[in-house]
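**Student:** The numbering of the sequence shown is full-length UniProt numbering, which starts it at 1 and goes up by one.
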Amino acid sequence: MQDSALTQLVLPLLIVLIMFGMGLSLVVADFARVIKMPKAILAGLAGQILLMPLLAFAVALFFELSAELAIGLMILAACPGGTMSNVICHIAKANLALSVTLTALSTLICVFTTPVIIALAVAHFSQTQITDFSIVSSTVALIVITLLPLSLGLFIRHKFSTTSLYLVPYFRRFSAVFVVLMIIAICIEERNTLLSSFSSVFMATLALNLLAIGIGLLLGWLTRLSAIDGVTLGIEVGIQNAALAIVIGVSLLKHPDYAISAGVYGVTMYIGSLLLAMLAKKD
Numbered sequence: 001m002q003d004s005a006l007t008q009l010v011l012p013l014l015i016v017l018i019m020f021g022m023g024l025s026l027v028v029a030d031f032a033r034v035i036k037m038p039k040a041i042l043a044g045l046a047g048q049i050l051l052m053p054l055l056a057f058a059v060a061l062f063f064e065l066s067a068e069l070a071i072g073l074m075i076l077a078a079c080p081g082g083t084m085s086n087v088i089c090h091i092a093k094a095n096l097a098l099s100v101t102l103t104a105l106s107t108l109i110c111v112f113t114t115p116v117i118i119a120l121a122v123a124h125f126s127q128t129q130i131t132d133f134s135i136v137s138s139t140v141a142l143i144v145i146t147l148l149p150l151s152l153g154l155f156i157r158h159k160f161s162t163t164s165l166y167l168v169p170y171f172r173r174f175s176a177v178f179v180v181l182m183i184i185a186i187c188i189e190e191r192n193t194l195l196s197s198f199s200s201v202f203m204a205t206l207a208l209n210l211l212a213i214g215i216g217l218l219l220g221w222l223t224r225l226s227a228i229d230g231v232t233l234g235i236e237v238g239i240q241n242a243a244l245a246i247v248i249g250v251s252l253l254k255h256p257d258y259a260i261s262a263g264v265y266g267v268t269m270y271i272g273s274l275l276l277a278m279l280a281k282k283d
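#1: Helix, strand or coil: how does DSSP classify residue 80 here?
#2: Within 10 Å of its beta-carbon, does residue 29 have 16 or more other beta-carbons around it, so buried, or fewer, so exposed?
#3: Name the two residues that bound the continuous alpha helix (DSSP H) containing residue 149.
#4: How is the alpha helix (DSSP H) around residue 236 delimited, first residue to last?
#5: Which word fits residue 64, buried or exposed, when buried means at least 16 other C-beta atoms lie within 10 angstroms of its C-beta?
#6: Take every Cβ of the stretch 256-267, pair it with every Cβ of the stretch 67-78, and state whether three or more of those distances are shorter than 8 Å.
#7: Using alpha carbons as the reference points, say which of 38, 49, 58, 105 lies closest to residue 23.
#8: Which residue comes first and which comes last in the alpha helix (DSSP H) that contains residue 65?
#9: Rounded to whole angstroms, how far is the Cβ of residue 177 from the Cβ of residue 11, which I believe are closer than 8 Å?
#10: From which residue to which residue does the alpha helix (DSSP H) around residue 200 run?
#11: Buried or exposed for residue 38, going by 16 or more other Cβ atoms inside 10 Å?
#12: According to DSSP, is residue 164 part of a helix, a strand, or is it coil?
#13: Answer with buried or exposed for residue 201, where buried requires no fewer than 16 other C-beta atoms within 10 angstroms of its C-beta.
#14: Hey, quick one: how far does the alpha helix (DSSP H) through residue 124 stretch, first residue to last?
#15: When you compare only the Cα positions, how much space is there between residue 91 and residue 83?
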C-alpha cells in the first residue's frame, strides 16, 4: 500500500468509526468496575499489557522472524484487546462484564504503552531506524483515533441509550468486515513476503495466540478466580485489536510489511479462542 489518501486518511477514519462503535457499547460503570473486581481486572491487565508483548518477543525470537514480521508481531501484541473478545465471551457464557471492562481499560492504557513498545521493538529488531517515528506524536495520534471517538461514543451511549444499543451490532459487523478486507488487501499487497514466510508467521501467530490464552488461564488460576473468570482472561488476553495494529503499521509507521503479522493473527486468534469458548460452553 503506497502512501496515499487511503492509508493516511481513510484507514484512520475507519478505525475512528470502530472505536466510536466500541464507545457505544460501554457505560461509565465499565470503567468503575475495577473497584468491584480488582483482582480479576489487575490480572487481566497484567496479561494484556505486560505479558502479551513479552510473549510476542519470545515467539519472534524462537521462530527467527524477519525484522518486519517481528516488529509487526510486537505492534500487534502492544495493542489493546478487541471488541470481538466480548462476542466470544458471550458465546462462551463467560464473564461478559469483566471482558468489557478489560477491553475498555486496556484501550485507555495502551494509548500510552503501545508507542513505547513499538519504539523498543524497532530499536531491537530493525537494522534501520524509523526516522520519523516519535513516541509523543504516536501517542497523540492514538489518542485522536482511539480515545476521542471512544469517549464520544460513551457520551452518546449515556445520552441516547436505546439508539446506541441498536447501533452496536452494526458497528461490530463493520469492524469484522473491515478486518477481513484489510487482511485481504495486505495479502495482495505483500503477497511475495507473505508467500515466502507464511509457514513461519502462521505458526508464530498461532503459537502466540495459544500461549496468550494459556497465560490468561494461568493468571486466573494463580489469583484463584472462578473457572469462568479464568476463561474470560484467556479470551481477553488472546484477542487483540488487529484492525488497530494494521492501521498503525500501514498508516502511522508507513510500513505495510509491519501489518502482515497483525493480518495473520487476525485469523489465527480465533482458532484458540473459539476452541476455548466451545470447551467452556460444554462445562
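A virtual CB, placed ideally from N, CA and C, is assigned to each residue, including glycine.
Note that the structure is a prediction, hence the values are computed from the model and not measured.
**Tutor:** For this structure:
#1: In this structure, residue 80 counts as coil in the three-state DSSP scheme.
#2: By the 10 Å Cβ count, residue 29 comes out exposed.
#3: Start and end: 148-159.
#4: Judged by DSSP secondary structure, residue 236 falls within the alpha helix (DSSP H) whose first and last residues are 227-238.
#5: Residue 64 is classed as exposed because its beta carbon has fewer than 16 other beta carbons within 10 Å across all chains shown.
#6: Judged by Cβ distances under 8 Å, the stretch 256-267 makes contact with the stretch 67-78, as three or more pairs qualify.
#7: The closest CA to that of residue 23, considering only 38, 49, 58, 105, is found on 105.
#8: No alpha helix (DSSP H) contains residue 65, which DSSP labels as neither H nor E.
#9: Contact flag wrong, Cβ pair sits at about 14 Å.
#10: Per DSSP, residue 200 belongs to the alpha helix (DSSP H) from 191-222.
#11: Exposed: under 16 other Cβ atoms inside 10 Å.
#12: In this structure, residue 164 counts as helix in the three-state DSSP scheme.
#13: Per the 10 Å Cβ criterion, buried.
#14: 96-125 is the span of the alpha helix (DSSP H), which, as asked, contains residue 124.
#15: CA-to-CA, the gap between residue 91 and residue 83 works out to about 13 Å.
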